[in-house]
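Protein chains in written order, with the working numbering: chain B, 41 to 261; chain Z, 41 to 261. The block underneath contains the structure these notes are about, expressed in structure tokens.
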DNA sequence: GATCTGACTGACATGAGCGTCAGTATGAGC
DNA sequence: GCTCATACTGACGCTCATGTCAGTCAGATC
């Protein structure tokens with residue numbers, strides 16, 4: 041087969057080219073969803089030929105995993121351990137700073153946030169397991185912190201694991217909606233405050249409270 | 041083409057046959073996920089021929105939509121409006137009963153719960169919109185209730201819509217984990233109590249609380 | 001027992017998306 | 001200016017799920 045002249049563009053820094061493809065894939069996944077995006081879509085968006093894609097990634101799944109891995113790493117970095125002994129910052133301050141940092145990462149990576157919360161699950165069983173492991177790590181970390189907090193009397197009684205689920209669920213939905221609704225980066229402060237006060241005090245003020253509630257509810261000292 | 045004897049099984053009540061196919065699809069979707077399940081898988085599980093499937097459903101998407109619609113309807117029915125004037129039941133009781141009923145529906149339909157939370161999003165853009173509408177309705181309903189509650193002084197200050205997101209997110213994650221971990225139906229009571237006390241009081245007891253918190257935090261009553 | 005009707009079947013044609021690979025352009029080294 | 005290495009290209013062949021439809025079967029009707 042003789043090939044017509046055709047435009048080529050070799051000699052492009054490898055890292056740069058990979059970045060082009062990653063970005064194209066990320067944007068398409070966020071816009072149309074993983075399953076609705078084909079390799080042809082990605083290469084068209086990146087402005088490279090089909091074959092080029094395979095020079096950089098094994099297949100569609102691989103580029104997806106790559107994107108998620110990088111994002112998960114960023115999230116992990118944003119999570120800081122709370123140290124109750126820190127004399128410079130109160131626990132409350134640390135907790136708030138933590139929430140703020142996590143929200144910051146997600147709001148600065150809207151495409152990835154959307155992908156993580158909508159497409160990441162259901163790609164294939166092996167990946168689901170991998171993702172579950174990541175979630176478990178986060179849940180585990182938070183659970184430990186909560187247990188520790190209960191020991192110190194700064195976290196109310198209750199099954200720590202369940203509290204962790206409730207917290208993470210609330211945060212997830214908040215982030216998903218913030219990104220979907222296109223809230224600006226500035227709203228991070230407000231969201232942080234809302235979540236913090238939710239975790240501190242809930243919002244129901246129905247008088248008697250939990251009647252036969254087994255949990256002893258200790259007032260703010 | 042002459043056909044060999046082959047086993048047939050006509051004369052099966054239409055509704056019954058449709059139910060067979062629906063059940064097969066539901067179980068497979070829950071086990072392997074929507075995208076990993078083929079029509080061939082479904083008909084094999086249901087014990088009917090490929091062609092039969094198309095007598096009852098337009099395509100794979102249609103049976104999925106059908107399943108989700110039925111489930112959404114059940115959920116909608118489980119949600120009751122809170123009436124503060126009810127002299128027989130306190131608001132606290134009503135809220136708890138509501139949570140309990142919703143958890144009950146999800147725990148009694150584990151397969152659908154898993155499908156709804158893992159595969160429902162990302163099937164195709166049109167269905168995503170449909171699903172978002174359902175979510176919006178639920179969020180809207182809760183938002184209204186919270187606003188009303190704020191007027192009556194039984195819900196703390198704060199953007200009601202955000203509070204709705206936090207609540208629904210917490211509930212979603214709790215349900216998902218409960219189903220994934222295979223918690224028994226009996227745990228519904230415990231989960232209800234945990235969520236209720238979380239909504240009532242949060243769990244952080246970090247002393248000073250929200251420092252420059254804009255929200256006035258009114259004690260019970 | 002002939003005919004009709006409606007449920008059901010499964011082989012087949014189709015096509016979307018995938019991964020490959022022989023071939024081309026470009027610049028560096030000699 | 002020839003050769004080599006490297007980055008890139010895109011037509012091609014293949015797989016596999018899909019939707020169809022001509023044909024079979026069982027029971028009802030007459």
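Yeah, the Cβ is synthetic: ideal placement off N, Cα and C, and Gly gets one too.
Annotated as distal: residue 244 of chain B and residue 107 of chain Z, with beta-carbon spacing of 8 angstroms or more. Contact of residue 181 of chain B with chain Z is not assigned, every C-beta pair being separated by 8 angstroms or more. Contacts with chain B at 8 angstroms (Cβ-Cβ) do not include residue 125 of chain Z. The residues 183, in chain order, have a CB closer than 6 angstroms to that of residue 201 of chain Z in the same chain once the five nearest residues on each side in sequence are set aside.
Collapsing the DSSP output to three states places residue 195 of chain Z in a strand.
Close partners of residue 187 of chain B in chain Z (Cβ separation under 9 angstroms) are lacking, with about 12 angstroms as the shortest Cβ gap.
Taken atom to atom, the span from the alpha-carbon of residue 128 of chain B to that of residue 225 of chain B is near 27 angstroms. Interface criterion met: the Cβ of residue 159 of chain Z is under 8 angstroms from a Cβ in chain B. Between residue 118 of chain B and residue 135 of chain B, the C-beta spacing is not below 8 angstroms.
CA-CA distance, residue 241 of chain B to residue 214 of chain B, rounds to 17 angstroms. Residue 235 of chain B and residue 211 of chain B have their C-alpha atoms some 8 angstroms from each other. Counting C-beta pairs closer than 8 angstroms gives fewer than three between the segment 84–93 of chain Z and the segment 109–123 of chain Z, which falls short of the contact rule. Residue range 54–72 is occupied by the alpha helix (DSSP H) that includes residue 57 of chain B.
Separation of residue 223 of chain B and residue 71 of chain B (C-alpha to C-alpha, rounded to the nearest whole angstrom) is 17 angstroms.
Using a CB distance cut-off of 8 angstroms, residue 131 of chain Z counts as an interface residue toward chain B.
Taking the C-beta atoms as reference points, residue 157 of chain B is found no nearer than 8 angstroms to residue 104 of chain B. Non-local beta-carbon contacts of residue 81 of chain Z in its own chain, meaning distances under 6 angstroms to residues more than five positions away in sequence, involve 68 in chain order.
If you look at residue 119 of chain B, you'll find it isn't in any alpha helix (DSSP H); DSSP assigns it neither H nor E. Of B/217, B/76, B/115, the smallest CA-CA separation from residue 172 of chain Z is found for B/217. For residue 176 of chain B, no Cβ of chain Z is located within less than 8 angstroms of the residue's own Cβ.
Linking residue 229 of chain B to residue 57 of chain Z through their CA atoms gives a straight-line distance of about 55 angstroms.
A distance below 6 angstroms between beta-carbons, with the five flanking residues on each side excluded, links residue 187 of chain B to the following residues of its chain, in chain order: 200. At a cut-off of 8 angstroms between beta carbons, residue 75 of chain B contacts chain Z. Excluding the 5 residues flanking it on each side, residue 204 of chain Z has same chain C-beta neighbours closer than 7 angstroms at 179, 182, 183, 186, in chain order. For a Cβ distance threshold of 7 angstroms, nothing in chain B lies close to residue 154 of chain Z: the least Cβ distance comes to about 10 angstroms.
Taking residue 79 of chain Z as the centre and dropping the five residues before and after it, the same chain places the C-beta of 90, 93, 100 closer than 7 angstroms to its C-beta, in chain order.
For residue 214 of chain B, the secondary structure class from DSSP, reduced to helix, strand or coil, is helix. Secondary structure at residue 182 of chain Z: helix, using DSSP grouped into helix, strand and coil. In the structure shown, residue 95 of chain Z adopts helical secondary structure according to DSSP, grouped into three states. Against chain Z, the beta carbon of residue 208 of chain B has neighbours under 8 angstroms at 213, listed in chain order. Bridge partners of residue 244 of chain Z according to DSSP: B/195. Along the segment 94–118 of chain Z, there is no position whose C-beta sits under 8 angstroms from a C-beta of chain B.
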